[in-house]
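Under the numbering used here, the residue at position 86 of the sequence shown is numbered 82, and the numbers go up by one with no gaps.
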Amino acid sequence: MKLSTTKRLERLHDRYVNGDLSRRTFLSLTAAAAASAGLSMPWMSRALAAVEQVRFDGWGGTVQEAIDKYAFQPYTAKTKIKVVQGTFGDENEIITKIKTAKPGDFQIVHSSGVNYYIKYV
């Protein structure tokens, strides 16, 4: 007999309430269940298949070279999704570019720190 997703989640919750699972394990398993449910939706595979490239903007230099070598190249090899890279000189430059761009033109920005990320919200 196969358990329904609802029943599995109820059992997972019961194990957490009874102290059989740590909070971290419970949240990890719940997140995994939610992600797998979302990824199994028919529209999700079509949406993921439609992605051909993502954009990354950073400061350039050796840090961006390392990110490219150890993150983007393996990611592209595994997913066939190209990472288009750009650079910027200062925070005001990238903020201006983002504000004047169409929605979705910028996906990932490697900024200086938390205070600068607040400007994007």
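Note that the Cβ used here is the ideal one computed from N, Cα and C, for glycine as well.
Residue span of the beta strand (DSSP E) that contains residue i, given as start and end
i, result
"Val59", "Note, Val59: premise wrong, no beta strand (DSSP E); alpha helix (DSSP H) at Gly57 to Ile63."
8 Å Cβ cutoff met for residue i and residue j
i, j, result
"Tyr71", "Val79", "yes"
"Ser86", "Arg51", "Looking at the sequence shown, residue 86 is not Ser but Asp. Cβ distance not < 8 Å, so Asp86 and Arg51 don't count as in contact."
"Leu25", "Leu8", "yes"
Those residues which DSSP pairs with residue i across a bridge
i, result
"Gln81", "Phe52"
First and last residue of the uninterrupted alpha helix (DSSP H) at residue i
i, result
"Lys3", "Thr1 to Val13"
Distance, residue j Cα to residue i Cα
i, j, result
"Ile94", "Gln60", "19 Å"
"Thr123", "Asn14", "Nothing about residue 123 can be reported from this structure: the residues present for the chain run from -3 to 117 only."
"His106", "Asp53", "6 Å"
"Lys76", "Glu48", "7 Å"
Same chain, Cβ closer than 6 Å to residue i, neighbours up to 5 away in sequence not counted
i, result
"Lys74", "none"
Cβ neighbours of residue i in the same chain (closer than 8 Å, five flanking residues each side left out)
i, result
"Asp64", "Val79 and Gln81"
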